[in-house]
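Visitor: Pasting a structure below so you can have a look.
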Amino acid sequence: MEKVKITLPDGSAKEYDKGITPLEVAKSISGRLAKETLIAEIDGIMKEINTPINNDCELKLYTFNDEKGKETYWHSSSHLMAHAVKELYPEAKFGVGPAIDNGFYYDIDINEKLSEEDLVRIEKKMKELIEKNEPFKRKELSKADALVFFNEQKDEYKLELIDGLDENTTAISLYNEGGFTDLCLGPHLPSTGYIKYFKLLSVSGSYWRGDENKARMQRIYGISFPKQKMLTDYLEFIEEAKKRDHRKLGKQLDLFSIHEDAGPGLIYWHPKGARVRNEIEDFWKKEHLKNGYDLLYSPHIGKAQLWETSGHLSHFKENMYSPMEIDEQDYYVKPMNCPFHILIYKTDLRSYRDLPLRWAELGTVYRYEKSGVLHGLLRVRGFTQDDAHIFCTKEQIEDEIIEVIRFSNYMWKSFGFESLKYYVSTRPEKVTGNDELWEQATNSLKKALEHEGLEYEIDEGGGAFYGPKIDIKIKDALNREWQMSTIQFDFNLPERFDMTYIGEDGKEHRPFMVHRALLGSIERFMGVLIEHYAGSFPVWLAPVQVAVIPVSQNYFDYAQKIVSSLLDENIRVKFDKRNEKIGYKIRDWETQKVPYMLIVGDKEETNNTISIRKHKHGDLGESKLDDFISELKSSIKNRNNNN
RNA sequence: GCUGACGUAGCUCAGUCGGUAGAGCACAUCCUUGGUAAGGAUGAGGUCACCGGUUCAAUCCCGGUCGUCAGCUCCA
Numbered sequence: 086m087e088k089v090k091i092t093l094p095d096g097s098a099k100e101y102d103k104g105i106t107p108l109e110v111a112k113s114i115s116g117r118l119a120k121e122t123l124i125a126e127i128d129g130i131m132k133e134i135n136t137p138i139n140n141d142c143e144l145k146l147y148t149f150n151d152e153k154g155k156e157t158y159w160h161s162s163s164h165l166m167a168h169a170v171k172e173l174y175p176e177a178k179f180g181v182g183p184a185i186d187n188g189f190y191y192d193i194d195i196n197e198k199l200s201e202e203d204l205v206r207i208e209k210k211m212k213e214l215i216e217k218n219e220p221f222k223r224k225e226l227s228k229a230d231a232l233v234f235f236n237e238q239k240d241e242y243k244l245e246l247i248d249g250l251d252e253n254t255t256a257i258s259l260y261n262e263g264g265f266t267d268l269c270l271g272p273h274l275p276s277t278g279y280i281k282y283f284k285l286l287s288v289s290g291s292y293w294r295g296d297e298n299k300a301r302m303q304r305i306y307g308i309s310f311p312k313q314k315m316l317t318d319y320l321e322f323i324e325e326a327k328k329r330d331h332r333k334l335g336k337q338l339d340l341f342s343i344h345e346d347a348g349p350g351l352i353y354w355h356p357k358g359a360r361v362r363n364e365i366e367d368f369w370k371k372e373h374l375k376n377g378y379d380l381l382y383s384p385h386i387g388k389a390q391l392w393e394t395s396g397h398l399s400h401f402k403e404n405m406y407s408p409m410e411i412d413e414q415d416y417y418v419k420p421m422n423c424p425f426h427i428l429i430y431k432t433d434l435r436s437y438r439d440l441p442l443r444w445a446e447l448g449t450v451y452r453y454e455k456s457g458v459l460h461g462l463l464r465v466r467g468f469t470q471d472d473a474h475i476f477c478t479k480e481q482i483e484d485e486i487i488e489v490i491r492f493s494n495y496m497w498k499s500f501g502f503e504s505l506k507y508y509v510s511t512r513p514e515k516v517t518g519n520d521e522l523w524e525q526a527t528n529s530l531k532k533a534l535e536h537e538g539l540e541y542e543i544d545e546g547g548g549a550f551y552g553p554k555i556d557i558k559i560k561d562a563l564n565r566e567w568q569m570s571t572i573q574f575d576f577n578l579p580e581r582f583d584m585t586y587i588g589e590d591g592k593e594h595r596p597f598m599v600h601r602a603l604l605g606s607i608e609r610f611m612g613v614l615i616e617h618y619a620g621s622f623p624v625w626l627a628p629v630q631v632a633v634i635p636v637s638q639n640y641f642d643y644a645q646k647i648v649s650s651l652l653d654e655n656i657r658v659k660f661d662k663r664n665e666k667i668g669y670k671i672r673d674w675e676t677q678k679v680p681y682m683l684i685v686g687d688k689e690e691t692n693n694t695i696s697i698r699k700h701k702h703g704d705l706g707e708s709k710l711d712d713f714i715s716e717l718k719s720s721i722k723n724r725n726n727n728n
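Just so you know, the working numbering puts 196 at position 111 of the first sequence, and the rest follows in order with no gaps.
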C-alpha cells in the first residue's frame with residue numbers, strides 16, 4: 086500500500102496508508118483526541134475530518150478548545166437549526182447563518198413571526214435531527230447548476246449569494262444533511278450527532294445583507310457545546326451579565342437616571358454616581374498633570390464658520406444637532422473638542438521649542454445618535470470625552486505615541502482592568518493627507534506598540550479618513566471586550582486650520598496632531614466600570630465607603646464620635662440613625678454594596694472599639710478605630726481594587 | 001432610523017375577555033431600643049406613557065406620537 090507522510094504541528098512526521106483520514110490519524114494518537122477532534126487543517130486548508138489524505142501534508146487537528154473547532158461546531162449547529170426550521174416551516178427561505186463570537190445565528194425569511202415558544206419547537210426538532218445523526222455531505226456544483234438548484238428551492242437569497250460569486254468559480258459547494266441542502270463553503274462536522282448540548286437564545290429582526298432597504302428577516306441566535314457543563318456555565322454567564330447590567334445597578338444603587346420626558350440618551354448623575362465620577366475625574370486630572378499634560382476648558386457652542394473650517398459640517402453633520410441662532414448667526418453645539426483646542430493653539434506663534442503640547446480636557450460633547458442605538462450609559466447623546474490633543478513635530482511622534490500607550494495601560498490597570506487588546510487601523514480608500522504622511526504615521530503606531538512589546542492586530546482600511554489610529558479594547562471581569570481608548574492621527578485639521586510652528590530652520594512647519602481618549606467617555610467608562618465590579622466599587626471609588634450602625638439609639642453619641650473621626654479623615658461615611666434593627670440595616674447596606682459597616686454598641690463603647698463588617702465577607706470582629714482608619718486610608722491611597 | 005416586543009405606584013411586577021386598579025419592597029406615623037442579610041401596626045401613593053378614534057362607557061380595542069428593551073446599521 087502506498088504511504089503518505091503526515092507532519093503534525095509539533096514537527097513530528099509519520100507515515101500512514103494513503104487515503105487515511107484526519108480522524109484516523111487522531112485515533113492513532115489517542116482515543117480522546119479522536120473523540121474530540123472536530124475539524125482538520127490540511128496544508129493550511131480547512132477540511133472535514135473524514136477527508137481522505139492522498140499526499141504528503143501538514144496536518145492540524147482542532148477540537149472545541151480551539152477557535153477553529155468552535156467555529157465549525159457553531160457553524161454546523163446553525164445548519165442544523167436551519168434544517169429544523171425548514172422542517173417546521175417548509176416555505177422558509179434562508180439568508181446567512183454564520184458562527185459568531187458566542188454561538189451562531191441564521192437569518193430566516195418566513196411570514197410567521199417567531200416567538201420564544203417557537204424557539205422551543207425548533208429546539209425539539211433539532212434534537213430529533215441530532216438523534217438521526219445524519220452526516221454532513223459535501224457536493225460541488227457548477228455555478229449554473231447551483232443556480233438551478235436554488236431556483237427550484239425558490240430561495241432568492243441563496244441565488245443572490247451565488248450570483249455574487251466569482252464568475253470563474255468552478256465548483257460551488259453545497260452541504261447536505263438528512264435531506265436539507267444549503268449553500269456553504271464548509272467545512273462541517275462529520276454528522277449532526279456531534280452537536281450535543283445547545284440552546285436557542287433569542288429571535289430578533291435583521292435585514293438581508295444588513296441593509297434596511299432590503300428584505301426584513303428574522304434572526305435566530307443560538308449556542309451549542311459538546312459538554313453539558315459548558316452550556317450550563319454559559320447560561321449562568323448570561324444570567325450573571327444580566328445581574329451586572331449597569332442600567333439595573335444604576336437604579337438599585339441610585340447612581341444615575343435618564344429621563345425620557347427630558348430627552349433620551351442624556352444622563353443625570355445622582356449624588357452617589359456623581360461622587361464616583363468625581364473620584365475618577367480627580368484621579369484623571371492629577372495623572373494628566375503628572376504626565377506632562379495641561380488642562381483646558383472650552384465652550385460648548387461655536388459659530389457655523391468654525392465647523393465649516395474644521396470640516397465637521399461636511400463630514401459629521403448628520404451627527405450634529407441643528408444650529409441655534411444667536412445675533413443672526415448660526416451656532417452649533419460641539420460634537421468634538423478639537424477645533425476649540427486648535428483655536429487655543431493658534432493664539433500664539435508656536436516654536437518647535439514649545440512642542441510637544443499636550444492639552445487635555447474632560448470635554449462634554451453632544452452627538453445625534455439614532456434612537457435605536459441608545460443604550461444606558463454605553464451609547465448616549467451627550468457625553469464627556471477624556472479628550473486630549475497632542476501637537477508635535479515629526480521627530481516626536483513615536484515617543485509621544487509610546488507615552489500615550491503607556492499612560493493608557495496605567496489608567497486601565499489603575500481601575501482594575503488587566504487585559505488589553507490593540508488594533509492598528511490603516512489607510513482607508515478615501516483619505517486626506519499624502520501617502521508619505523500615512524505611511525510614516527502608521528509605522529509610528531506599529532513601532533510604538535512593538536517598542537512596548539505589545540501584540541496587535543491590523544484593521545486593514547479601518548482608519549478614519551483623516552488618519553490612522555490605534556484602538557484599545559479592554560476585557561472586563563466577565564471577559565467581555567469593550568472598545569474604549571483610541572489614539573488617532575489627524576492630517577486634516579492642521580491643514581484646514583493652517584496650523585504651523587517655527588522650526589529650527591526658522592521656517593514654518595505643519596505640526597502633527599494626535600487625538601486621544603484613554604477612558605473613551607466618562608459615561609461609557611462608568612457603565613463598563615459598574616459592570617466590571619458588579620456595582621461593588623473598590624473602596625477608593627465607592628460613593629459611600631463606610632456606614633456606621635449603632636446597635637440602638639443609646640449608642641448614638643459614641644457612633645457620632647466615630648463618624649466625626651472618619652469625616653475628619655475625608656472618608657465618605659453615612660450615619661445610619663434609622664429606627665430599625667441592625668439586621669435590617671446590615672441587609673440594606675449590604676445590598677447597597679457599601680465596602681464597610683462599623684457596628685457599635687455596648688461592647689464597643691466600653692472597649693472604645695468598633696466592630697467591622699466587610700461587604701461580601703461578613704463580620705471581621707472588633708478593632709481599634711485608628712487601625713481601621715489607617716488601613717482604609719492606605720487602601721484608598723493605593724487605589725486597591727481587590728475588595 | 002428600521003424590525004419585533006413592551007410601557008400599570010418611587011422600584012419590581014400582578015390584573016381588568018371594555019364598567020376609572022392591586023401585591024411586595026421603598027416612603028410616613030406610631031409601637032418596639034433590638035448584636036451581624038427583612039420586628040409589628042396603621043397610613044399615604046396611580047389621568048394605567050401621551051394624543052386622537054370606536055363606544056353609553058377605554059387602562060384594556062384601533063391609529064398615531066414618545067420612550068424602553070432585543071437585534072440590524074452605526075459609534076466614544
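Glycine is no exception: its CB is placed at the ideal position from the N, C-alpha and C atoms.
Since we're looking at a predicted model, the values are computed, not measured.
1. Assign Ala-98 to buried or exposed, taking buried as 16 or more other Cβ atoms, counted over all protein chains shown, within 10 Å of its Cβ.
2. According to DSSP, Phe-283 sits in a beta bridge with which residue or residues?
3. Between the Cα of Arg-601 and the Cα atoms of Glu-593, His-426 and Thr-585, which residue gives the shortest distance?
4. Assign Tyr-495 to buried or exposed, taking buried as 16 or more other Cβ atoms, counted over all protein chains shown, within 10 Å of its Cβ.
5. Ignoring anything shorter than 3 residues or poking outside the region 552-627, list the beta strand (DSSP E) runs there in chain order.
6. DSSP three-state call for Arg-335: helix, strand or coil?
7. I want to know whether the region 521-531 touches the region 374-381 - three or more CB-CB distances under 8 Å.
8. For Arg-780, does the three-state DSSP call read helix, strand or coil?
9. How about His-355 and His-273: do their beta carbons lie closer than 8 Å?
10. From Gly-620 to Glu-143, what distance separates their C-alpha atoms?
11. Looking at the strands, I want to know which residues DSSP matches up with Ser-291.
12. Would you check if there are 3 or more beta carbon pairs closer than 8 Å linking the region 648-664 to the region 584-604?
13. Whole angstroms are fine: how far does the CA of Ile-634 sit from the CA of Glu-545?
14. So Ala-533 and Ile-607 are in contact, right, with Cβ under 8 Å, and what is the actual spacing, rounded?
15. In whole angstroms, what separates the C-alpha of Glu-213 from that of Lys-312?
16. Measure the alpha-carbon distance for Leu-522 versus His-400 and round it to whole angstroms.
17. What's the gap between the Cα of Ile-134 and the Cα of Ala-445?
18. Buried or exposed: where does Tyr-507 fall if 16 or more other Cβ atoms within 10 Å of its Cβ makes it buried?
19. Which full runs of the beta strand (DSSP E) of 3+ residues lie inside the region 642-679, going along the chain?
20. Based on Cα-Cα distance, which residue from Tyr-640, Gly-668, Arg-466 and Ser-436 lies nearest to Lys-592?
21. According to DSSP, which residues form a beta bridge with Asp-704?
22. Determine the burial state of Arg-698: buried for a count of at least 16 other Cβ atoms within 10 Å of its Cβ, exposed for fewer.
23. On the CB-based measure, 16 or more other CB atoms within 10 Å of its CB, does Leu-717 come out buried or exposed?
24. Rounded to whole angstroms, what is the Cα-Cα separation between Ala-167 and Glu-121?
25. Helix, strand or coil, according to DSSP, for Glu-503 in the structure here?
26. Whose C-alpha, out of Ala-169, Gly-348, Thr-517 and Thr-266, is nearest the C-alpha of Ile-305?
27. Going by Cα to Cα distance, which pick from Ile-615, Arg-724 and Phe-283 is closest to Lys-498?
28. With C-beta atoms as the reference, is Arg-362 less than 8 Å away from Met-611?
29. With distances taken from CA atoms, which of Tyr-190, Phe-476 and Ile-114 is nearest Gly-307?
30. Let me confirm a value: Glu-566 is counted as buried when at least 16 other C-beta atoms fall within 10 Å, else exposed. Which label applies?
31. Using a 10 Å radius around the Cβ and a threshold of 16 neighbouring Cβ atoms, would you call Ile-215 buried or exposed?
32. Quick check on this structure: which residue in Phe-221, Leu-380 and Leu-578 has the alpha carbon closest to the alpha carbon of Thr-136?
33. What span of residues does the beta strand (DSSP E) with Glu-126 cover, start to end?
34. Would a C-beta distance cut-off of 8 Å place Ile-138 and Ile-91 closer than the cut-off?
35. May I ask you to report which of helix, strand or coil DSSP gives Lys-718?
36. Looking at the secondary structure, which residues open and close the beta strand (DSSP E) in which Gly-467 lies?
Guide: Looking at the coordinates:
1. exposed
2. Ser-309
3. His-426
4. exposed
5. 554-560, 566-574 and 597-606
6. Strictly speaking, residue 335 in this sequence is Gly, with Arg absent from that position. Looking at Gly-335 - three-state DSSP - the assignment turns out to be helix.
7. no
8. Given a span of 86 to 728 for the chain in the structure shown, any question on residue 780 remains unanswerable.
9. no
10. 50 Å
11. Met-302
12. no
13. 58 Å
14. About 26 Å; that fails the 8 Å criterion.
15. 18 Å
16. 21 Å
17. 56 Å
18. buried
19. 658-660
20. Ser-436
21. Arg-698
22. buried
23. buried
24. 24 Å
25. coil
26. Ala-169
27. Arg-724
28. yes
29. Tyr-190
30. exposed
31. buried
32. Phe-221
33. 124-127
34. yes
35. helix
36. 467-477
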